Amino acid sequence: MIRTTALGLGLLGAFAHAWASPITLDTTWLDANGRLSLSADARQTLAVTGIDMSVGGKAVEVADGVFNLPISQISADIKLLPPALTMRSAQVKGSSLDFHNTLNQSSVSLADLSMDFSTHIVSGNVVGANGATRSSLFSFDVTAPLSFSFKGGISVNLALGHLHFTDAGAASFASALGVPDFLAPVLKQVDFGVIDAKVVPWLRQPVSSNVAMASTMMQAAVVSVPEPSSGWLGVLGLALMGLVRARRLVEPGGGR
Numbered sequence: 008m009i010r011t012t013a014l015g016l017g018l019l020g021a022f023a024h025a026w027a028s029p030i031t032l033d034t035t036w037l038d039a040n041g042r043l044s045l046s047a048d049a050r051q052t053l054a055v056t057g058i059d060m061s062v063g064g065k066a067v068e069v070a071d072g073v074f075n076l077p078i079s080q081i082s083a084d085i086k087l088l089p090p091a092l093t094m095r096s097a098q099v100k101g102s103s104l105d106f107h108n109t110l111n112q113s114s115v116s117l118a119d120l121s122m123d124f125s126t127h128i129v130s131g132n133v134v135g136a137n138g139a140t141r142s143s144l145f146s147f148d149v150t151a152p153l154s155f156s157f158k159g160g161i162s163v164n165l166a167l168g169h170l171h172f173t174d175a176g177a178a179s180f181a182s183a184l185g186v187p188d189f190l191a192p193v194l195k196q197v198d199f200g201v202i203d204a205k206v207v208p209w210l211r212q213p214v215s216s217n218v219a220m221a222s223t224m225m226q227a228a229v230v231s232v233p234e235p236s237s238g239w240l241g242v243l244g245l246a247l248m249g250l251v252r253a254r255r256l257v258e259p260g261g262g263r
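Add 7 to the 1-based position in the sequence shown for this note's numbering, that's all there is to it.
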């Protein structure tokens, strides 16, 4: 009886693990973007202190004070019972926010940003004249909750607001740009704006010349489903992806 009970609990635990697991999606080839819109306060603060802002790498300025940052990877926790999808992190590789101090001609770049939804911290590489260091940069709040669309596949949308420099971020930023020390606390008080994040199951434009590789990456990253009457099928699709991934890892020759 004890052995049967233990076996039952073991199977129950295995089932729960199979249907509630993390999943990571490579969105390099997908239409996945975070759009940073600077607040009026941020733009005014930068102007008053003589700091110009631009973007580098894959990032693009789409309007005055609005910058598009391609998202390269997202991680989430998926759960079938009850159905739920919780964002864990998002990566922005190959892009940078570039700042230039016109008063002393110093520059700094905040590159390869990552957003951690458990700590609500944006981290990145602080690249200046003295080299590069990894640091926490901004704190944020989720100002528009996670939402989904199922037309042509699973789309994810959310907004991050109340972007404020962390202590480490303000200190690194001020030091790299050579601004007076008293400005670091001032920078922490500035709300830098909003990041609207959206991931949809379409190929990025312009499409890579390696069409075969792009197609393979897309099929591996996205499960396309018909539009259902509720969110159940979407969560089920993501759960199945996590289950297949977990099984491949534990099978002989499956990556361990």
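Just so you know, even glycine gets a beta-carbon here, dropped at the ideal spot from N, CA and C. Because the structure is a prediction, the values reported are computed rather than measured.
Same chain, Cβ closer than 6 Å to residue i, five either side skipped, listed in chain order
i: A178; result: A191
i: D38; result: V207, W209, R211
i: K65; result: P77, G101, S102
i: E68; result: V62, F74
i: I58; result: F106, N108
i: N164; result: S154, K205
i: N111; result: G185
i: T52; result: V197
i: S237; result: Because S237 carries a pLDDT of 38, less than 50, the predicted location of this residue cannot be relied on, and the following value inherits that uncertainty. Closer than 6 Å at Cβ, skipping near neighbours: no residue.
i: G72; result: L45, R50
Proximity below 8 Å, CB of residue i to CB of residue j
i: R95; j: P152; result: no
i: I78; j: A204; result: yes
i: T34; j: I85; result: no
i: F145; j: T173; result: yes
i: V62; j: D105; result: yes
i: I202; j: L32; result: no
i: A97; j: V197; result: no
8 Å Cβ shell around residue i - same chain, five flanking residues per side excluded
i: T140; result: N132, V133, S179
i: S143; result: I128, V129, S130, T173, A175, G176
Anticipated Cβ contact below 8 Å, residue i with residue j, distance rounded
i: V115; j: G135; result: 5 Å
i: L170; j: A181; result: No, L170 and A181 are not in contact; Cβ-Cβ is about 17 Å, not under 8 Å.
i: G176; j: L45; result: No, G176 and L45 are not in contact; Cβ-Cβ is about 16 Å, not under 8 Å.
i: S113; j: A70; result: With 8 Å as the limit, S113 and A70 do not qualify as a contact, their Cβ atoms being about 27 Å apart.
i: L120; j: V99; result: 4 Å
Buried or exposed by the 16-neighbour rule on C-beta atoms within 10 Å, applied to residue i
i: A47; result: exposed
i: L88; result: exposed
i: V214; result: Caution applies to V214, whose pLDDT of 29 falls short of 50 and renders its modelled position unreliable; the value that the coordinates give is listed next. Under this definition V214 is an exposed residue.
i: A54; result: exposed
i: F147; result: buried
i: D188; result: exposed
i: G41; result: buried
i: W36; result: buried
i: S216; result: Low local confidence applies: a pLDDT of 29 at S216 is under 50, so the model's placement there is unreliable, with the coordinate-based value given in what follows. It counts as exposed.
7 Å CB neighbourhood of residue i in its chain, flanking five on each side removed
i: T56; result: V186, L190
i: T93; result: A83, D84
i: A23; result: Interpretation of A23 is limited by its pLDDT of 45, a score under 50 that renders its predicted location unreliable; the figure taken from the coordinates is listed afterwards. Nothing listed; no residue qualifies.
i: N137; result: none
i: M220; result: Because the pLDDT of M220 is 34, which lies under 50, any placement of that residue in the model is unreliable, and the number read from its coordinates should be weighed accordingly. If we look at M220 and ignore the five residues flanking it on each side, it has no Cβ neighbours.
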